[in-house]
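K.L.:
Below are the structure tokens for one structure; questions will follow.
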Amino acid sequence: MKWQNALKDYRLYLKIERGLSKNSIENYSLDVNKLIAYLEVNNINVSPISISTEIIQQFIYETAKVVNTRSQSRLISGLRSFFNYLVFEDYITINPLELIESPKIGRKLPDTLSINEIDSLINAIDLSQIYNGIYIGQRNKAILETLYGCGLRVSELTNLKISDLFFDEGFIKVTGKGDKQRFVPIVADTQKYINIYKNEVRTHIKVKAGFEDTLFLNHTGKQLTRAMVFTIIKQLAEKIGLKKSISPHTFRHSFATHLLENNADLRSIQLMLGHESITTTEIYVHLDKSHLTKVVEKYHPRK
Numbered sequence: 008m009k010w011q012n013a014l015k016d017y018r019l020y021l022k023i024e025r026g027l028s029k030n031s032i033e034n035y036s037l038d039v040n041k042l043i044a045y046l047e048v049n050n051i052n053v054s055p056i057s058i059s060t061e062i063i064q065q066f067i068y069e070t071a072k073v074v075n076t077r078s079q080s081r082l083i084s085g086l087r088s089f090f091n092y093l094v095f096e097d098y099i100t101i102n103p104l105e106l107i108e109s110p111k112i113g114r115k116l117p118d119t120l121s122i123n124e125i126d127s128l129i130n131a132i133d134l135s136q137i138y139n140g141i142y143i144g145q146r147n148k149a150i151l152e153t154l155y156g157c158g159l160r161v162s163e164l165t166n167l168k169i170s171d172l173f174f175d176e177g178f179i180k181v182t183g184k185g186d187k188q189r190f191v192p193i194v195a196d197t198q199k200y201i202n203i204y205k206n207e208v209r210t211h212i213k214v215k216a217g218f219e220d221t222l223f224l225n226h227t228g229k230q231l232t233r234a235m236v237f238t239i240i241k242q243l244a245e246k247i248g249l250k251k252s253i254s255p256h257t258f259r260h261s262f263a264t265h266l267l268e269n270n271a272d273l274r275s276i277q278l279m280l281g282h283e284s285i286t287t288t289e290i291y292v293h294l295d296k297s298h299l300t301k302v303v304e305k306y307h308p309r310k
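Numbering of the sequence shown is given in my numbering, commencing with residue 8 and proceeding in unit increments.
What follows is the structure in structure tokens.
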């Protein structure tokens, strides 16, 4: 069995059997491709069904020299999944990563933005900004308001459809990981900024075929890319002199954190974020000490 054939079959399995998104499939494939590249560079001629634990250990050891513990753990997890697939398909009987332990990593809580910082970033948007005749400032405001106001992943934002907007009912339909759909509440202010963009800006964009229902478009009439959303946020952070390292995911985390600080329950946050397990939400949401102290002082029966 050749590596590329095995990888092709594995990608198909991830898509059809496990229902993973395109981005997740690419990430899993990247882990396997790193191993393939290592074997080629070192002239190690082994197949996916004959590779030994020792060779994989050496690969991980070499990789650990240039990546952090979290990336190393992610790599091991990705490779373990690939070889589990080969076991599942009866190509091999034992996963060569069975005895390889992932390094212990601490829980890394992402940065959050305060409400004032959120406001500063959004207020820094130049609403009069025009690019190729399109008021992209108005579009960018709608993007950030939606990203924060609904706690979306960046891929969920860029994939949002006009047909997913149910403003009369106060919800939007979001397609998350594994194409799983959920309804997320959307407040009146966020609806307002989306409507301004949709009715006053988007109507002037010459929409390319296939993107008629896509909500957020670039100036060429195609779906906005994830990279462009990163760029918009990075430029705004530089504009206001924000020193934190932020990304679109920071807005999602801040959304959950602010809800929690205002006494929203974890179960509700879990449903809005689209987490399958409440454990994920507990890890994801940053519980700061001051908030915990207030909760105890307010609710403890023997305070």
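Even glycine gets a Cβ: it sits at the ideal position worked out from N, Cα and C.
Just curious, the beta strand (DSSP E) that P255 is in, first and last residue?
P.N.:
Unbroken run through P255 is the alpha helix (DSSP H), 255–268; no beta strand (DSSP E).
K.L.:
Can you grab the Cα-Cα spacing for the pair F90 / L104, in whole Å?
P.N.:
Cα-Cα distance, rounded: 8 Å.
K.L.:
Around the C-beta of Y138, are 16 or more other C-beta atoms found within 10 angstroms, so that it is buried, or is it exposed?
P.N.:
That one is exposed.
K.L.:
Measure the alpha-carbon distance for N49 versus Q79 and round it to whole angstroms.
P.N.:
Approximately 20 Å, taken between the alpha carbons.
K.L.:
If you draw a straight line from the C-alpha of S31 to the C-alpha of P192, how long is it?
P.N.:
The alpha-carbon atoms of S31 and P192 are separated by roughly 26 Å.
K.L.:
Looking at C-alpha atoms only, which residue of D126, G158, G185, N75 is the closest neighbour of F178?
P.N.:
The candidate whose alpha carbon is nearest that of F178 is G158.
K.L.:
Note down the Cα distance separating K180 from T232, rounded to an integer number of angstroms.
P.N.:
Their Cα atoms are separated by approximately 20 Å.
K.L.:
Using only the alpha-carbon positions, how far apart do R189 and K250 sit?
P.N.:
Looking at the two C-alpha atoms, the distance is approximately 34 Å.
K.L.:
Count the other C-beta atoms from every protein chain shown that fall within 10 angstroms of the C-beta of K148, then say buried if there are 16 or more, exposed otherwise.
P.N.:
Label assigned to K148: buried.
K.L.:
Looking only at its chain, what residues have a beta carbon closer than 6 Å to the beta carbon of K184, apart from the 5 residues adjacent to it on each side?
P.N.:
Once the five neighbours on either side are set aside, the close Cβ partners of K184 are S28.
K.L.:
So, Y98 versus M8, is the Cβ gap smaller than 8 Å?
P.N.:
Yes. Within cutoff.
K.L.:
What first and last residue would you give for the alpha helix (DSSP H) that runs through F90?
P.N.:
76–95 is the span of the alpha helix (DSSP H), which, as asked, contains F90.
K.L.:
Which whole-angstrom value describes the C-beta separation of Q230 and T221, a residue pair presumed to lie in contact below a C-beta threshold of 8 Å?
P.N.:
Right, the Cβ-Cβ distance comes to about 5 Å (below 8 Å), so this counts as a contact.
K.L.:
May I ask which residues mark the beginning and end of the alpha helix (DSSP H) holding F66?
P.N.:
Segment 60–71, the alpha helix (DSSP H) holding F66.
K.L.:
With distances taken from CA atoms, which of L243, L154, N206 is nearest L255?
P.N.:
Here residue 255 is Pro; the residue named in the question, Leu, does not match the sequence. Checked all of L243, L154, N206; the closest Cα to P255 is L154.
K.L.:
Helix, strand or coil for L104 per DSSP?
P.N.:
If DSSP states are grouped into helix, strand and coil, L104 belongs with coil.
K.L.:
Under the three-state reduction of DSSP, which class applies to Q230: helix, strand or coil?
P.N.:
Strand.
K.L.:
Using the beta-carbon count (16 or more within 10 Å), is G140 buried or exposed?
P.N.:
By the 10 Å Cβ count, G140 comes out exposed.
K.L.:
Just curious, the alpha helix (DSSP H) that V214 is in, first and last residue?
P.N.:
Where V214 is concerned, there is no enclosing alpha helix (DSSP H), given that its DSSP letter is neither H nor E.
K.L.:
Using 8 Å as the threshold, is the C-beta distance between Y142 and V53 below it?
P.N.:
The answer is no: Cβ separation not under 8 Å.
K.L.:
For T153, report the span of its alpha helix (DSSP H) as first-last.
P.N.:
Start and end: 143–157.
K.L.:
Please confirm whether L120 and S261 have their CB atoms less than 8 Å apart.
P.N.:
In contact: L120 and S261 (Cβ atoms closer than 8 Å).
K.L.:
Do you know how far the Cα of Q64 is from the Cα of I240?
P.N.:
Answer to the nearest angstrom: the Cα atoms are 39 Å apart.
K.L.:
By the DSSP assignment, the beta strand (DSSP E) with R189 in it spans what residues?
P.N.:
188–192 is the span of the beta strand (DSSP E), which, as asked, contains R189.
K.L.:
Under a three-way DSSP split, which group does L172 fall into?
P.N.:
Reduced to three states, the DSSP call for L172 is strand.
K.L.:
What's the gap between the Cα of L19 and the Cα of I169?
P.N.:
Taking the straight line from one Cα to the other gives about 30 Å.
K.L.:
Confirm, please, whether the CB-CB distance from L46 to L86 is below 8 Å.
P.N.:
No, Cβ-Cβ distance for L86 and L46 is not below 8 Å.
K.L.:
Using 8 Å for Cβ pairs, my map puts G26 next to D171. What's the rounded Cβ distance?
P.N.:
Contact flag wrong, Cβ pair sits at about 19 Å.
K.L.:
Assuming the contact rule is C-beta atoms closer than 8 Å, I150 and V236 should be a hit. Round their C-beta distance to whole Å, please.
P.N.:
Right, their Cβ atoms sit about 7 Å apart.
K.L.:
Under 7 Å Cβ to Cβ from D133, same chain only, skipping five residues before and after it: list those, please.
P.N.:
Only G144 meet the Cβ criterion.
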